[in-house]
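A quick write-up on the structure given underneath.
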Amino acid sequence: MAEQQIQTQSQSAEHTMARPQRWAQPFGSNMTDQDVDRLLSDSQLKDIDGEKFPKHIPLGGILKNDTRLVKFTPGEIVVREGDYGNSAFLVLNGKLRVVLSPSLPRDAIGRSKEYTRSIFEAFSQLWTSNWLPETRDTSKYSLDELMAGGSNESARVVLQDIPTILDKHNTGAIETGALFGELAALGRIPRTATIFADEDAELLEIRWQGLRELRAYNSEWKRMIDERYRETALAAHLLESEEFGHLDDDQIKDVADRCIFETYGSFDWYTSFQRLRSQGKSDEPVIARQGDYPDGLLMVRAGFARQTVKHGNGIKTINYLGAGNNFGLHPLYSAWKNPGASEDLALGSGLSALGYVDVVRVPASVLAEYVFPNIETPVNTIEVASQKTIAEDALLEWAVDERFINGRQTMVIDLNSCVRCDDCVRACANGHDGNPRFRRHGKIVDNWMVANACMHCADPVCMIGCPTGAIHRSMSGGMVVINDDTCIGCGTCANSCPYENISLVQIADKQGMPVVDEATHRPIMKATKCDLCSDQLGGPACVRACPHDALKRVDFREFAH
Amino acid sequence: MTKNISILSIFGVIALIVVGYNAQKMDLNLQNSSVLTGYTLIAVMLCVALLNTRKKLSMIPLGKASSWVVFHVVGGLLCVALFWVHTNTFWPKGLYEGFLAGAFYLVSLSGIFGYLIQRLNSRKLTETGIEVIYERIPLELREIQEKAEEYIRECTEATGSDVLANHYLNTMVWYFQKPRFYWSTLFGAGNAKVWFRSEGASVKRYLSSEELEYFRHLEELVELKMLVDTHFVHQNLNKKWLLLHVPLSVGLVIMALWHLLLVEVYAL
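Okay, structure coming up:
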């Protein structure tokens, strides 16, 4: 009897709710079974073999939960250049137009602002913050109008004066059946162009989780996505580069046709990195070996690569290359400039992939035709790097080893100035309902500590595998944020983060009662991390709160140098 | 930060010269310059005291806390100079004024002391090579003690000898129980090392080679505890001086406002 009473009491001290599942929050709230049937008979999708999809991720389920139908009227912007999006679009009918160059001005595309508290709302946190940890208004989890990343229909912008735009900007048509946006969705990079509706159009918007499943279980979609991904990336990358930026369309096409597009490392590099790091090993795929003769310029399109030279019994990192950097230009230029020279023209340094790297290999013949006649002698990076001592390069070596070079807003603390007052932690908690979103703890080199706070990485691997798209790039600023409403607490992001900067917390209702699954009575968890105070006034509170300027948010690429 | 303090100090000196010049002018005109210097002093004091409020309002964009600290430091030093200009003496007459001056000097000195020790302690903490969050120090010490006792148990089981176990119980457990040698650690005197060499390691001559292996593990734990103790001592001081400075500051402001009220009601 007493036991029963205790059990009843303990049960009454809990708040129960159904454990959120992957498709608990569909991408589009208005997708019906009829819509799915219509899509399955559409010419773009009817050839997909539904049998090849696993039972727990059926094709119908993907279409119903990971896609949504969106309609656009002429002038409405579908995607904006520079925005971070987590979805791709398939044109079901109608015609769109992509702005190639020059880009549309910011005000014309109505870049939307994300929610920021008013001064009163900010101030009211003094008395509205809950004294209990990790409390949530659980009623919000039942709302069915929640957005799961991707573009927000309510924030649509209509372009004015389209004829003028067509006059002043170079545009291209996107017809029925075209797929676009997959580059940004899969590559976790900003949209490269603005696309707007030229006439009434109906699109199927596929969040990246759905795109990933279609790619995984349908070979034709995989081929199409990969091919388009590579082609689009190559053309865009060449045009953006210093070496090829001056070429016209025909020349670019010629260069693109002769280039080789290569990928090193795996898309989900963090898993092998975590495993190998725990074993004290390193496994970096070699892109170019020191001592080999170069056959082309290597241009890094995405990811990071380590440039090394042999030093004693080890290898020394002299530089790391990110998107936009290239490798091997100097020896190739020397060979072209002095064809009969006797000097050793082999590569003086090696290049290896740090995780996932997209590389464009431009053959030497292309360089001789389009690049070398137009440039001065390029900088010999090895000569520059050799002027530095080992001690001077120690921070860089460490940052590369720990993959901190991925960080764009890394929290570094100068321990020589930090008085360990924890004002930064308190300020963070003050802006997050009493819950700090980072730990003043982390790896240390010299007097610098890299604290366990989200670094808002260039390559946010935490976003890979999120089943609901709850973790996403914010539309403005590119911060990596978690939508608490759609997070199902599966822990995928926390496990993926190589830096242990995402925490799973058990939530409680406003009265402090732990929220548990109504079926299993296991706690409901939510992923939490630093959001860079994106909804607060004045930017990251931790930086502003540091009384001795010891805490900084830095781009580690610049900091390590 | 030092640069900012230097820049703001120039403005502080200018402000002091302006107030001092006007006070002297008033005195020459047979006016009461104490009103000017007194109101200036209390205004600067109140502004300086706002730092703590700024800390509580971190969710509002009120500028960087480091800028406030710079103002706090320079403003605090300006207050000392203004205090002397206002009182024309080091220690004013009258019982209440004596208490007020005492509180003022205590607040000033504790502030200067706190600022200096914070600057010095940061480097000392960094030099330990480890980083421990203050609130976790009891837990860290407990873990070290548990690890030490685990070695002792293992040693006794593996060697069948209780020499090290008895020595631990009689001598070393005292050291592992909580932070020790507070003042010595604070001043970097190294008494903990001396104690371990003379008393802790005195057992070595009675240990077999197998037991010595366990003792070496114990030595490593002692070294680790010394570092954690260093964190405890310096972080403790970093926080404790505020327990003197902040309540005294509140008291000083209240006493100064009461002084102002009395002056307004009875003296003017």
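From first to last, the protein sequence lines are chains A and B.
Our numbering puts the first residue of the first sequence at 1374, with every later residue one more than the last.
Our numbering puts the first residue of the second sequence at 77, with every later residue one more than the last.
For glycine and all other residues, C-beta sits at the position ideal for the given N, C-alpha and C.
Beta-carbon contacts of residue i that lie in its chain and below 7 Å, excluding the five residues immediately before and after
| i | result |
| --- | --- |
| A/ASN1525 | Reliability fails at A/ASN1525, whose pLDDT of 40 lies under 50, so the model's placement of it is uncertain and the value that follows must be treated cautiously. Excluding positions up to five away in sequence, the list is empty. |
| A/ALA1629 | LEU1607, ALA1608 and LEU1611 |
| B/MET248 | GLY276 |
| A/ALA1678 | ILE1660, TYR1693, LEU1694, LEU1724, SER1725, ALA1726, LEU1727 and VAL1730 |
Cβ of residue i within 8 Å of any chain B Cβ
| i | result |
| --- | --- |
| A/SER1847 | no |
| A/ASN1789 | yes |
| A/ALA1661 | no |
| A/LEU1910 | yes |
| A/ILE1748 | no |
| A/VAL1823 | no |
| A/ASP1922 | yes |
| A/VAL1373 | Because chain A is modelled from 1374 through 1934, residue 1373 of chain A falls outside the range shown and cannot be assessed. |
| A/ARG1799 | yes |
| A/GLY1804 | yes |
| A/ARG1810 | no |
| A/HIS1814 | yes |
| A/CYS1903 | no |
| A/PHE1496 | yes |
| A/ALA1918 | yes |
Helix, strand or coil at residue i according to DSSP, with G and I counted as helix
| i | result |
| --- | --- |
| A/HIS1619 | coil |
| A/TYR1666 | coil |
| A/GLY1522 | Residue placement at A/GLY1522 is poorly supported in this model, since its pLDDT is 34, which falls under 50; the coordinates are not used for a value here. |
| B/THR113 | helix |
| A/LYS1595 | helix |
| B/ALA345 | Residue 345 of chain B lies beyond the stretch modelled for chain B, which goes from 77 to 344, so this question has no answer here. |
| A/THR1750 | coil |
| A/TYR1637 | strand |
| A/GLN1984 | No answer is possible for residue 1984 of chain A: the residues shown for chain A start at 1374 and end at 1934. |
| A/HIS1894 | coil |
| A/LEU1576 | strand |
| A/THR1565 | coil |
| A/LEU1905 | coil |
| A/ILE1660 | strand |
| A/LYS1899 | strand |
| B/LYS131 | helix |
Near the ligand COA: residue i beta-carbon under 7 Å from a heavy atom
| i | result |
| --- | --- |
| B/LEU176 | This structure lacks the ligand COA, and indeed carries no ligand of any kind. |
C-beta neighbour in chain A for residue i, strict 8 Å
| i | result |
| --- | --- |
| B/TYR258 | no |
| B/GLN194 | yes |
| B/THR129 | no |
| B/LYS200 | no |
| B/VAL183 | no |
| B/VAL150 | no |
| B/GLU295 | no |
| B/GLU216 | no |
| B/VAL329 | no |
Same chain only: Cβ atoms within 6 Å of residue i, ignoring 5 sequence neighbours per side
| i | result |
| --- | --- |
| A/PRO1658 | TYR1637, GLY1638 and ALA1726 |
| A/GLY1401 | ARG1441 |
| B/SER85 | VAL150 |
| A/SER1876 | THR1901 |
| A/ARG1588 | TRP1594, LYS1595 and ILE1598 |
Nearest residue (CA-CA) to residue i, options the options
| i | options | result |
| --- | --- | --- |
| B/GLU295 | B/LEU324, B/TRP317, B/VAL322 and B/PHE252 | B/PHE252 |
| A/ARG1734 | A/ASP1408, A/ALA1800 and A/VAL1673 | A/VAL1673 |
| B/VAL326 | B/ALA265, B/PHE180, B/ASN164 and B/GLU216 | B/PHE180 |
| B/LEU328 | B/THR261, B/LEU176 and B/ALA141 | B/LEU176 |
| B/LYS315 | B/ARG273, B/GLY205 and B/PHE189 | B/PHE189 |
| A/GLY1885 | A/LEU1788, A/GLY1807 and A/HIS1684 | A/GLY1807 |
| A/ALA1566 | A/LEU1469, A/GLU1756, A/GLU1424 and A/MET1597 | A/LEU1469 |
| B/GLY152 | B/VAL183, B/THR163, B/LEU138 and B/PHE166 | B/VAL183 |
| A/SER1512 | A/CYS1915, A/TRP1594, A/GLN1909 and A/THR1859 | A/THR1859 |
| A/THR1446 | A/ASP1573, A/GLU1931 and A/VAL1752 | A/ASP1573 |
Close Cβ partners of residue i (< 8 Å) along its chain, the five nearest in sequence each way excluded
| i | result |
| --- | --- |
| B/LEU158 | LEU92, VAL95, THR113, THR116, LEU117 and VAL120 |
| B/VAL309 | PRO255, TYR258, THR261 and LEU262 |
Every unbroken beta strand (DSSP E) inside the segment 1672 to 1724 of chain A [3 residues or more]: 1687 to 1694
Length-filtered (4 minimum) alpha helix (DSSP H) runs lying within the segment 1768 to 1852 of chain A: 1796 to 1803
Unbroken stretches of the beta strand (DSSP E), 3 residues or longer, contained in the segment 1393 to 1457 of chain A: 1440 to 1445 and 1450 to 1452
Entirely enclosed alpha helix (DSSP H) segments - the segment 139 to 196 of chain B, minimum 4 residues: 141 to 163
Interface residues of the segment 130 to 149 of chain B facing chain D [CB-CB below 7 Å]: The structure shown contains no chain D; its protein chains are A and B.
Length-filtered (4 minimum) alpha helix (DSSP H) runs lying within the segment 224 to 290 of chain B: 239 to 243, 249 to 253, 258 to 262 and 267 to 274
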